[in-house]
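Chemist:
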Amino acid sequence: MAAMTRPPLNRRLAAFGTTIFAEMSALAVRTGSINLGQGFPDTDGPEEIREAAVRALRDGRGNQYPPGPGVPELRTAVTEHQRRYYGLAYDPDTEVLVTAGATEGIAAALLALVEPGDEVIALEPYYDSYAASIAMAGGTRVPVTLRPRDRRFTLDLDELRDAVTDRTRLILLNTPHNPTGTVLTREELTAIAALAVERDLLVVTDEVYEHLVFDDAEHIPLATLPGMRERTVTIGSAGKTFSYTGWKVGWVTATPELVTAVRSAKQYLTYVSAGPFQYAIAEALRLPDAFFDGLRADLRAKREVLSRGLTQAGFEVYAPAGTYFITTDIRPLGESDGVAFCRALPERCGVVAIPNAVFYDHREQGAPFVRFAFCKRVEVLEEAAARLKGPATGG
Numbered sequence: 003m004a005a006m007t008r009p010p011l012n013r014r015l016a017a018f019g020t021t022i023f024a025e026m027s028a029l030a031v032r033t034g035s036i037n038l039g040q041g042f043p044d045t046d047g048p049e050e051i052r053e054a055a056v057r058a059l060r061d062g063r064g065n066q067y068p069p070g071p072g073v074p075e076l077r078t079a080v081t082e083h084q085r086r087y088y089g090l091a092y093d094p095d096t097e098v099l100v101t102a103g104a105t106e107g108i109a110a111a112l113l114a115l116v117e118p119g120d121e122v123i124a125l126e127p128y129y130d131s132y133a134a135s136i137a138m139a140g141g142t143r144v145p146v147t148l149r150p151r152d153r154r155f156t157l158d159l160d161e162l163r164d165a166v167t168d169r170t171r172l173i174l175l176n177t178p179h180n181p182t183g184t185v186l187t188r189e190e191l192t193a194i195a196a197l198a199v200e201r202d203l204l205v206v207t208d209e210v211y212e213h214l215v216f217d218d219a220e221h222i223p224l225a226t227l228p229g230m231r232e233r234t235v236t237i238g239s240a241g242k243t244f245s246y247t248g249w250k251v252g253w254v255t256a257t258p259e260l261v262t263a264v265r266s267a268k269q270y271l272t273y274v275s276a277g278p279f280q281y282a283i284a285e286a287l288r289l290p291d292a293f294f295d296g297l298r299a300d301l302r303a304k305r306e307v308l309s310r311g312l313t314q315a316g317f318e319v320y321a322p323a324g325t326y327f328i329t330t331d332i333r334p335l336g337e338s339d340g341v342a343f344c345r346a347l348p349e350r351c352g353v354v355a356i357p358n359a360v361f362y363d364h365r366e367q368g369a370p371f372v373r374f375a376f377c378k379r380v381e382v383l384e385e386a387a388a389r390l391k392g393p394a395t396g397g
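According to the working numbering, the stretch in the sequence shown is residues 3 to 397, in order.
(1) Would you give the residue range spanned by the alpha helix (DSSP H) that residue 22 belongs to?
(2) Counting only the same chain and skipping the five closest in sequence on each side, list residues whose C-beta sits under 6 angstroms from that of residue 314.
(3) Assuming residue 283 is part of the alpha helix (DSSP H), what are its boundary residues?
(4) Residues in its own chain within less than 7 angstroms of residue 349 by CB, not counting five upstream and five downstream?
(5) Quick one, which of 158, 160, 174 and 163 has its alpha-carbon nearest residue 132's?
(6) How is the alpha helix (DSSP H) around residue 202 delimited, first residue to last?
(7) In the DSSP assignment, the beta strand (DSSP E) including residue 146 goes from what residue to what residue?
(8) So which of 87, 54 and 90 has the shortest CA-CA distance to residue 75?
(9) Alpha carbon to alpha carbon, what distance is there between residue 330 and residue 397?
(10) Can you tell me where the beta strand (DSSP E) holding residue 154 begins and where it ends?
(11) Going along the chain, which residues of its own chain have a beta-carbon closer than 6 angstroms to the beta-carbon of residue 127, five neighbours each way excluded?
(12) Going by DSSP in three states, residue 166 sits in which element: helix, strand or coil?
(13) To the nearest whole angstrom, what separates the beta carbons of residue 256 and residue 234, a pair I think is in contact under 8 angstroms?
(14) Taking the beta carbon of residue 44 as the centre, do at least 16 other beta carbons fall within 10 Å, making it buried, or is it exposed?
(15) Please name the residue in 20, 213 and 103 whose C-alpha comes closest to that of residue 247.
(16) Closest by CA to residue 216, which one among 305, 378 and 15?
(17) Over what stretch of residues does the alpha helix (DSSP H) that includes residue 399 continue unbroken?
(18) Measure how close the beta-carbons of residue 73 and residue 62 come, nearest whole angstrom, since I'm counting them as under 8 angstroms.
(19) By DSSP's criteria, residue 126 is part of a beta bridge. Which residues make up the other side?
(20) Classify residue 37: buried if its beta carbon has 16 or more other beta carbons within 10 angstroms, exposed otherwise.
(21) Leaving out the 5 sequence neighbours to the left and right, which residues in its chain are closer than 7 angstroms to residue 227 when beta-carbon positions are compared?
(22) Once the 5 residues before and after residue 282 are set aside, which same chain residues still bring their CB inside 7 angstroms of it?
(23) Pick out the complete beta strand (DSSP E) segments inside the segment 210 to 244, 3 residues or longer, and give them in chain order.
(24) Let me check one thing: in DSSP terms, what residues is residue 52 bridge-paired to?
(25) Could you check the C-alpha separation between residue 166 and residue 204 for me, to the nearest Å?
(26) Answer yes if the segment 260 to 268 comes into contact with the segment 104 to 112, meaning at least three C-beta pairs across the two stretches below 8 angstroms, and no otherwise.
(27) Which one or two residues does DSSP pair with residue 357 in a beta bridge?
(28) Could you compute how far the alpha carbon of residue 159 sits from the alpha carbon of residue 147?
(29) Checking 7 angstroms against the spacing of the C-beta atoms, do residue 372 and residue 328 come in under that value?
(30) Thinking C-beta only, is residue 79 closer than 7 angstroms to residue 287?
(31) According to the Cβ coordinates, are residue 101 and residue 214 closer than 7 angstroms?
(32) Out of 184, 172, 140 and 278, point me to the one whose CA is closest to residue 322's CA.
(33) So, at 8 angstroms on beta carbons, what are the nonlocal neighbours of residue 67 in its own chain, with the 5 sequence-adjacent residues on each side left out?
(34) So, are the CB atoms of residue 26 and residue 354 less than 7 angstroms apart?
(35) Assuming residue 77 contacts residue 98 under a Cβ cut-off of 8 angstroms, what Cβ separation, rounded to an integer in Å, is found between them?
(36) Go through its chain and collect everything with a Cβ distance to residue 340's Cβ below 8 angstroms, but skip five positions before and after it.
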């Protein structure tokens, strides 16, 4: 049999190997470490929502293929949620598409809207699937870097404007922002909206952490700003808000034309998914405000536990305004290579984190930064903090 002379992986994906999350989670298992790397809670969400899924299974709802756009109950619940919290009106029949989590929604949107050679601006550091999705669409990624200043990672609006060229097709936005925890302000979003209108750009906005904002931060959907309802594809998800990340229920809201375009790509990816869970998430989106307020309060308290522990261990801590991740600077520990630091940390003190450098095109910009997840039980965070304060980290 003749040996293959060409590499099996196409050139668009050749730069993407095993994700850092898979690598670090495997390391956590091998070393028995506390995994503060991958962003998933260590407890389930509301019991009544789990029971709603069980009830749907038993009633035979969603056990076969659900409708391609998603079950009507969930599409209606999504529109009610957008109106209830943001005053946005969407038609559940033509302006909502249910996806297999936000990751598929982002991939489908980029595959549908980006032509080979189009430029896509993404805020750096960015979630790793963004780069892969842009590559699969044949687009060219143009990073605009969020830079640390005053204990916050900030967007340089002049740098964003300068990044737009005649080849720019869309801006891929994420707020609240993973991994930095930045929540873009109304002033920043207004400037982005004005730029999009001026240069006739589309915006795909990842808002999966919309309910995970703290202190004085406010989540403002870009679609609420003047001129943006008709050019914004908003991505939402149940996993982060309701702590059922394994169910993989996400959604897209946009104009009928944009939803139709995204559905054209999505139907050839998973086609449909998560049938019984869609009914459960429809109920979850209608939970009272007390649930969402309690979620924020719980995560804010956990943020403080881990922030305090990391500070005592010697890290420089950037307290997040949103998400459930804390970015730290390891240079006060005498370290400068976050990738090497994270690979050694499990053996040194039994804790797993994620190096931010993997979320950058300009890896040197992210080299000293390391991300920890605080969406865990308080006793787990306290144990992790105690381990990090040991001599292994110089604490």
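For every residue, glycine included, the Cβ atom is placed at its ideal position computed from N, Cα and C. In this text, all values refer to a predicted model and were calculated from it rather than measured experimentally.
Modeler: With the given structure in hand:
(1) 22 to 33 is the extent of the alpha helix (DSSP H) around residue 22.
(2) Cβ neighbours of residue 314 within its own chain (closer than 6 angstroms, five residues either side excluded): 391.
(3) Start and end: 277 to 286.
(4) Closer than 7 angstroms at Cβ, skipping near neighbours: 33.
(5) When C-alpha distances from residue 132 are compared across 158, 160, 174 and 163, the shortest belongs to 174.
(6) Unbroken run through residue 202: none, as it is neither H nor E.
(7) Its beta strand (DSSP E) spans residues 142 to 147.
(8) Measuring from the Cα of residue 75, the nearest candidate turns out to be 54.
(9) Residue placement at residue 397 is flagged as unreliable, the pLDDT there being 49, under the threshold of 50; the coordinate-derived value follows with that caveat. Cα to Cα, the separation comes out at about 14 angstroms.
(10) It spans 154 to 156 - the beta strand (DSSP E) in which residue 154 sits, taken as one unbroken run.
(11) Answer for residue 127: 181, 358, 361, 362 and 368, listed in chain order.
(12) Three-state result, residue 166: coil.
(13) Contact check for residue 256 and residue 234: beta-carbon distance about 7 angstroms, within the 8 angstroms limit, so the pair qualifies.
(14) Exposed, since its Cβ has fewer than 16 Cβ neighbours within 10 Å.
(15) Residue 103 is the option with its Cα nearest to residue 247.
(16) Residue 216 has its Cα closest to that of 305, out of 305, 378 and 15.
(17) This structure does not reach residue 399, given that the chain is present from 3 up to 397, and the question cannot be answered.
(18) Between residue 62 and residue 73 the Cβ distance is about 13 angstroms, and since that is not below 8 angstroms, they are no contact.
(19) DSSP lists 147 as partners of residue 126.
(20) By the neighbour-count rule (16 or more Cβ atoms within 10 Å), residue 37 is buried.
(21) Only 191, 192 and 195 meet the Cβ criterion.
(22) Excluding residues within five positions, the ones whose Cβ falls inside 7 angstroms are 51, 54, 55 and 58.
(23) Counting only runs of 3 or more, we get 234 to 239.
(24) In DSSP, residue 52 forms no bridge with anything.
(25) Between the C-alpha atoms of residue 166 and residue 204 there is a straight-line separation of about 12 angstroms.
(26) Result yes; three or more Cβ-Cβ pairs closer than 8 angstroms.
(27) 372, per the DSSP bridge assignment.
(28) Spanning the two alpha carbons is a distance of roughly 10 angstroms.
(29) Not a contact, by the Cβ cut-off of 7 angstroms.
(30) The Cβ-Cβ distance between residue 287 and residue 79 falls below 7 angstroms.
(31) No, the Cβ-Cβ distance between residue 101 and residue 214 is not below 7 angstroms.
(32) The residue from 184, 172, 140 and 278 with its alpha-carbon nearest to that of residue 322 is 184.
(33) Within its own chain, the residues whose Cβ lies closer than 8 angstroms to the Cβ of residue 67, once the five positions on either side in sequence are excluded, are 273, 274 and 277, listed in chain order.
(34) Taking 7 angstroms as the cut-off, the beta carbon of residue 26 is found closer than this to the beta carbon of residue 354.
(35) Going by Cβ atoms, the distance from residue 77 to residue 98 rounds to 4 angstroms, so yes, they are a contact pair.
(36) When the five nearest sequence neighbours on each side are left out, the beta carbons in the same chain lying within less than 8 angstroms of the beta carbon of residue 340 are those of 332, 357, 358, 359, 368, 369, 370, 371 and 372, in order along the chain.
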